[in-house]
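If you're matching them up, the sequences are chains A and B in order. Each residue of the first sequence is one higher than the one before, starting from 1 at the first, in my numbering. Each residue of the second sequence is one higher than the one before, starting from 1001 at the first, in my numbering. For every residue, glycine included, the Cβ atom is placed at its ideal position computed from N, Cα and C.
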Amino acid sequence: MSRLALSILLLFTLVGCAGRETAPAATSSATAGFPVRVDVPGGQPLTLDRRPDHIVSLSPSSTETLFAIGAGAQVVAVDDQSDYPPAAPHTALSGLTPNVEAIAAYKPDLVVASADTSGLVAGLGKLGIKTLVLPSAQTLDDAYAQMTTLGKATGQTPAADKLVAGLKSDLAALVAATPRPATPLTYYHELSQDYYSANSRTFVGQVYGLFGLVNVADTAPSSSGYPQLSAEALVKADPKLIFLADTQCCRQDAAAVAARPGWSAISAVKTGNVVGLDDDVASRWGPRLLDFAKAVAAAVTKAAPGGH
Amino acid sequence: MATDRNRLTPVRLGVSVLVLAVVLIAAICVGAADLGWSRVAAELWAQLSGTTSPLDQREADILWQLRVPRVVLAGLVGAALASAGAAYQGVFRNPLADPYLLGAAAGAGLGATVAVVFAPDARTWIIGPIPLAAFFGALLGVGLTWLLGRSASGTGTAILLLAGVAVAAFLTAVQTFVQQLDTNSIKQVYTWMLGGLNTSGWQDVLITLPYLVPAGIVLCLCTRLLDVLALGDDEAGSLGVRPGRVRLVVLGAASLATAAAVSVSGLIGFVGIVVPHVVRLLAGASYRVVLPLSLIGGGIFLVIADEIARTVIAPAELPLGVITAFTGAPFFVLVLRRNRGKLR
């Protein structure tokens, strides 16, 4: 026993003695504007000494934003859910069950994640790697703020500001050009084929709100904002528009919805106003939220009286 | 009176059927869409007498396409799980046995996951790929357990239980692995596992009936044999009963019922273990009483639980498994307390 303890002690001593290549000293070519203090919405501020150029993104929304603000060249790896843009360096890294060792293998100088899952921040911190946690946006303003934050953290502030300003003006123009019926149209946003939905307090719900739509999920009590609706209540509520955000995960479409028992009586089904959305576009709080808004605008234009 | 505890008297049967009927009618009258219970009652009367109903077409669709099949399915699933649980408890002479004991749940979970990951587009079949795969997965789990247990010890029950544990652990590991291959499947797999009847229709009733009816009949015919089995294998053998064969038949029927229930409702815990015990405490321990009354009692319990699931926070839904545990556990404690001494 004591011999074992001794050899373990010896091993540690040896490890302690081993020489290491030291990390290259900070080059003086660090971009202007750094070090920078980045305020994290709802988190601790982060100080970055140099412009990060080995970024690992574990958040699909942040990946899209990074590429939209011209920081794509600074990204070395993205997680398995970051499937857009195609040019992103896709890897098998997981943001749901992150593995610190696998992430560290990419030698990142900044990791962007949407949640501090299984001790991610602390684990990376031990290796001296900074982590920017940008959680799910609750509002449009949250989404814009995260784009600004990513711009500041990557030294791409002008591009980020331009992206946010562009999104704001494009959205406003889109809303202005979309008809607004005297009687507000009701809608149901479907997240899964067992009728989980998103109410008006959620990020996606607010996008619909811009167009004056009324959410049938709002009468359902939910602390999360994502209630599971009862089939009976849905048929009774009779939404004029149905948006499917489960076309990819669960292969739902207008035909599948029409075939559900009792659903053929719903106005949206009868009038052909069941709209399939791209699951990702309708759930991420990145630059493609404009595509989501365009799909909603097209559906509203078609469903409004005198539309088509 | 002593003999009564071993018999399914007409009074007991009549009372339980009456309670079931009242619960069914109440469940049909009240739902997430407020149709008004008196108007639903008028619709039911109109259907019987051919008079005009106060419900419009949409309301009639809500009632007949959504609510009624769901209530019927809840009753069938509850009956299947509770009678299967009673049968398992009899076969294993173990009060903790439940319908998922022999790998049915793990097998069904694996089946559902495989369907989601490898056959996501297959929806032209009469039912979706998930119920079908879950059904065969459940049978596969129980079948593997049976083969493993038999190869180890012949007909003993202890080895069969251990085989069930091993098979369940193995199948769950495979299920987790398959799920990791495609993380997009997680949402759908967990949705199924949480259990519930929100999306059910008449087709779910129709696809489960061919399995549930024969299984229920076989179980009710085997009650006397289960009573003999309760004496022990040697005693049963001396009375001319072959324990191994009885176990095969009863487990086969109970597993078929479990697989059919799981395929349409996902995993709903608590029904299979608590309902038979409540029946035992209220009406006696003979399987001639426990099995038929568990069948009816399971139906009553799950119809009530589903009624709560679909109305308490309407128009939102609660997961059915939450309700069965939340209402079942306190009720079980109450029955236990009132019957101290009867349970050894």
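Q.
Given this structure, state the Cα-to-Cα distance separating Q1089(B) from P1095(B), to the nearest angstrom.
A. Each residue's CA atom was taken as its position, placing Q1089(B) and P1095(B) some 5 angstroms apart.
Q. S222(A) touches chain B at which residues, Cβ-Cβ below 8 angstroms?
A. A1316
Q) Beta-carbon of E64(A) versus every beta-carbon of chain B: anything under 9 angstroms? A) no
Q. For chain A, is any of its Cβ atoms less than 9 angstroms away from the one on N1198(B)?
A. It does: the Cβ of N1198(B) has a partner Cβ on chain A nearer than 9 angstroms.
Q) For R37(A), does the three-state DSSP call read helix, strand or coil? A) strand
Q. E190(A): which of T157(A), L127(A) and A254(A) sits nearest, CA to CA?
A. A254(A)
**Q.** Coil, strand or helix - Y188(A) by DSSP
**A.** strand
Q.
Can you check whether the C-beta of W1202(B) is within less than 9 angstroms of a C-beta belonging to chain A?
A. yes
Q) Should Y1190(B) be labelled buried (16 or more other beta-carbon atoms within 10 Å of its own) or exposed? A) Only exposed fits Y1190(B), as fewer than 16 other CB atoms lie within 10 angstroms of its CB.
Q: Report the option in M147(A), S57(A) and Q146(A) whose CA atom is closest to the CA atom of K107(A).
A: S57(A)
Q. For chain A, is any of its Cβ atoms less than 9 angstroms away from the one on P1243(B)?
A. It does not: the Cβ of P1243(B) has no partner Cβ on chain A nearer than 9 angstroms.
**Q.** F1092(B) to R1247(B) span [Cα, whole Å]
**A.** 9 angstroms
**Q.** Under the three-state DSSP convention, the category N215(A) falls into
**A.** strand
Q: Taking C-beta pairs closer than 7 angstroms, name the residues in chain B that T219(A) reaches, listed in chain order.
A: Correct list: P1315.
Q: Going by CA-CA distance only, name the one from I1217(B), L1161(B), V1019(B) and V1228(B) that's closest to A1104(B).
A: The option with the nearest alpha carbon to A1104(B) is L1161(B).
Q.
Please report the straight-line C-alpha distance between R1338(B) and I1273(B), rounded to a whole angstrom.
A. 19 angstroms
(Q) Give me, in chain order, the residues of the same chain whose beta-carbon lies closer than 8 angstroms to that of R1012(B); leave out the 5 immediate sequence neighbours on both sides. (A) A1283, V1289 and L1293
Q: Identify which residue in R1150(B), D1034(B), W1192(B) and V1278(B) has its Cα closest to the Cα of P1131(B).
A: W1192(B)
Q | F292(A) versus L140(A): straight-line alpha-carbon distance, rounded | A | 13 angstroms
Q) Near L1018(B), what residues of its chain come up, given a Cβ to Cβ distance below 7 angstroms and the 5 sequence neighbours on each side ignored? A) none
Q) Does the beta carbon of A1026(B) come closer than 9 angstroms to any beta carbon on chain A? A) no
(Q) Quick check on this structure: which residue in Q146(A), R50(A), S197(A) and A231(A) has the alpha carbon closest to the alpha carbon of A160(A)? (A) Looking at the Cα atoms, Q146(A) is the closest of the given residues.
**Q.** Delimiting residues of the beta strand (DSSP E) encompassing G313(A)
**A.** The requested residue 313(A) is not part of the displayed model; chain A covers only 1 to 308.
Q. From F211(A) to V40(A), what does the alpha carbon distance come to, in whole angstroms?
A. Roughly 30 angstroms separates the two Cα atoms.
Q. Hey, would you say A1084(B) sits closer than 9 angstroms to A1285(B), going by beta carbons?
A. no
Q. Does the Cβ of V216(A) have 16 or more other Cβ atoms within 10 Å, making it buried, or fewer, making it exposed?
A. buried
Q) At a Cβ threshold of 9 angstroms, is R284(A) touching chain B? A) no
Q) So the beta strand (DSSP E) I55(A) belongs to, where does it begin and stop? A) I55 to S57
(Q) Can you tell me which residues form a DSSP beta bridge with L229(A)? (A) A1316(B)
Q) Rounded C-beta distance between A1163(B) and A1173(B)? I'm assuming under 8 angstroms. A) Going by Cβ atoms, the distance from A1163(B) to A1173(B) rounds to 16 angstroms, so no, they are not a contact pair.
Q: Check L1132(B) in the structure and name its three-state DSSP category.
A: helix
Q.
Is the separation between the beta-carbon of P1276(B) and that of A1082(B) shorter than 9 angstroms?
A. yes
Q.
Using a Cβ-Cβ cutoff of less than 7 angstroms, which residues in the same chain neighbour V1228(B) once the five nearest sequence positions on both sides are dropped?
A. A1236, L1239 and V1241
**Q.** Range covered by the alpha helix (DSSP H) that runs through I266(A)
**A.** According to the DSSP assignment, I266(A) belongs to no alpha helix (DSSP H), since it is labelled neither H nor E.
Q: List the residues of chain A that L1066(B) touches, going by C-beta distances under 7 angstroms, in chain order.
A: Under the 7 angstroms cutoff, chain A gives A231, E232, V235, P261 and G262.
Q) Which residues in chain A sit within 7 angstroms of T1191(B), going by Cβ to Cβ distance? A) Residues of chain A passing the Cβ test: S192 and D194.
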